[in-house]
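Residue numbering for the sequence shown follows this note's numbering, starting at 138 and increasing by one per position. Cβ coordinates follow ideal geometry from the N, Cα and C atoms, glycine included. Just so you know, these numbers come straight off a predicted model, no measurement behind them.
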Amino acid sequence: MAGDELVWRRPPNALRPFVDLCSGYRMSATPPGTHQGVPGAHLTFLFCLDGSVDVLEKPDPAHGPGSFDVMVAGLHDRPAVMAQGPAQTGIQLRLTWRGARMLFGAPAAVLAGDVVDLRALLGARAGRLLERLAEAPTWAARFALLDGALARLAASGDERGTEPAPEVGRAWDLLVASGGTTRVEELARDVGWSRRHLANRFTAELGVGPKTAARVIRFERACDLLRSPKSPALADVAATCGYADQPHLARDFRDLAGLTATEWLRERP
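Okay, here's the thing in structure tokens:
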């Protein structure tokens with residue numbers, strides 16, 4: 138829509154193990170409705186510079202709905218349902234699971250399936266940072282403020298000694314490199330753990346097991362291909378991403394996005 142704005146930015150090198158991508162956005166008002174927040178390989182870190190985001194259904198139904206002006210959403214394998222309608226300006230970050238431990242002092246597992254007010258993790262600092270971001274006159278100024286705040290949090294994480302088990306990191310990196318197609322027994326063999334021990338340690342750190350993580354990583358790759366300029370056919374995407382067939386991909390869309398692939402594409406801005 139006219140007046141909409143989207144600014145993408147990679148973080149400084151020192152922050153890239155923890156933050157994959159930053160984006161600033163200004164969105165026009167839309168007709169009242171809902172938006173599905175689909176699973177992905179990153180946690181979502183969001184600052185609403187005017188107003189708030191209403192989360193009607195969190196991925197884990199054990200957690201109730203909420204309204205947030207600064208929030209972080211953990212890894213999940215079900216969609217989050219959010220209200221849409223009012224115009225909104227904000228900053229969104231794709232946070233790695235390593236970033237959760239380094240920046241917040243807790244494993245990503247404590248956020249799995251949930252959407253949490255950042256004040257619960259960082260206290261009053263979260264609110265002060267939100268105010269400063271809202272007052273900054275340009276996207277460049279906002280990103281500079283955010284870089285400084287994240288660098289200070291990362292330095293605190295270094296002091297806490299919050300490094301996760303290297304075997305968990307190795308298993309995750311193998312899954313990402315394979316697009317989610319590496320089998321759990323292969324991961325366990327590579328890191329030198331039993332399959333059960335890997336599943337337990339992996340889940341304790343990330344909040345999802347390696348099999349679920351593989352499913353989400355593969356699904357995210359399929360989504361990226363579907364919204365690429367070439368707009369490949371569903372059958373081709375299924376084959377490229379390692380699905381057994383197109384119906385297999387269709388089932389993952391229903392389970393993970395709560396939509397068909399066609400509905401999901403129609404919802405994209």
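Looking at the backbone, the Cα of residue 209 and that of residue 248 are separated by about 8 Å. When rounded, the separation of the alpha-carbon atoms in residue 386 and residue 338 is 28 Å. For residue 185 against residue 211, the beta-carbon gap comes to about 18 Å, at or over 8 Å, which does not count as contact. Look at residue 155 here: in three-state DSSP terms it is coil, with no helix or strand label. DSSP lists 227 as the bridge partner or partners of residue 185.
Of all C-beta pairs linking the segment 182 to 201 to the segment 238 to 257, three or more are shorter than 8 Å, placing the two stretches in contact.
Proximity of the segment 355 to 364 to the segment 392 to 404 meets the contact definition, three or more beta-carbon pairs being nearer than 8 Å. DSSP places residue 236 in the helix class (H, G or I) of the three-state scheme. Here residue 293 carries a helix assignment [DSSP, helix/strand/coil]. Here DSSP, grouped into helix, strand and coil, assigns residue 179 to coil. Here residue 165 is not bridged, per DSSP, to any residue. A straight line joining the alpha-carbon of residue 369 with that of residue 380 spans about 15 Å. Shortest Cα-Cα distance from residue 175 to any of 272, 219, 203 and 240 involves 219.
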